[in-house]
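Below: the structure, in structure tokens.
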Amino acid sequence: MGTLPRGLQQLSFKKICQFYEGKPRFVTLFDTFSHIPIYSAYTFKRSDGSKKVDVPWMYEPQLSTVSDSREMQPFPSENLHKSFEDAQAVLEDYSNSVMFERGQLNPDEHQADIHDKASTYTLTNVVPQVREFNIGPWKDHQHMIRRRLNNYCRGTAYIVTGVTTSGHSIHRHNINRLGIPTYLWSAYCCIDFDHNAPFSERSKFPVFAAHGLNDREDNKVQEMTVQQLEDFLKKVTYVDSSFQIFYANCVALNSAMP
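In this note's numbering, the protein residues as written are 1237 to 1494.
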């Protein structure tokens, strides 16, 4: 319904409409203090799950003080980061990290168009993910959601994927550069779904959610209702009591629900 998740208010949070090749692709709430996204909100596109890995990593001119462009840009080859690294991550922040990888909140496998896929390769869409979690339980969860929505969502599916922060950081030159998420979480909304789907899948529509611990161990991704996720996030992070991921909890407005 064109409405952002509510109940997330911090002075360091900036809304970014992620532009690529002249079109808006998705929305990110970005923390300019910890240099990571708090969430990315996107429209799911049916896809075969293929990845577009030949895209250069990009930065966000909208967070730069010297750019008048709103198009994400490839990182410059020269050392010109000083104009924007105060507000966002740069490639060097991840270069010496052995334990963490760049984990996309809006994953390219949830997009189909070549430009939509490419637009996910911006550092404003990634957080430091423990490698074992990124390539294991969280990757498996992304695959499973793609298959579920491919098979049983008839209309448009909206996904919001975000993090909780821990207070721990990746350092570069003894300076805190990247906040390390404690949990990753995700929720989807698909009002128009297949009511003849098996109950095990049908029961997870129109909305469902999950979270997982960003760690080497005990990192199983748990599925739950959106209400359960919202209650969990109210306990462990800085959302306020009005926190709500989807407008009207993704209830179909003025539609005939069986």
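Just so it is clear, CB atoms sit at the ideal spot from N, CA and C, and this is done for glycine as well.
The C-beta distance from serine 1276 to phenylalanine 1262 rounds to 6 Å, short enough to fall under 8 Å.
Assignment of beta-bridge partners to tyrosine 1295 by DSSP yields Gln1309.
Per DSSP, reduced to three states, the secondary structure at serine 1405 is strand.
By the Cβ criterion, the region 1391-1399 is not in contact with the region 1326-1338, since fewer than three pairs of Cβ atoms, one from each stretch, lie closer than 8 Å.
Less than 9 Å separates the beta-carbon of lysine 1251 from that of threonine 1264. As computed with DSSP, serine 1286 is found in no beta bridge at all.
Between alanine 1323 and histidine 1407, the C-beta spacing is not below 9 Å.
Using a Cβ-Cβ distance cut-off of 8 Å, the region 1472-1487 and the region 1441-1448 are in contact, since at least three pairs of beta carbons, one from each stretch, lie closer than that value. Per DSSP, leucine 1244 lies in no beta strand (DSSP E) segment and is marked neither H nor E. When DSSP reads this structure, asparagine 1370 sits in no beta bridge, so it has no partner.
For serine 1436, the enclosing alpha helix (DSSP H) starts and ends at 1435-1438.
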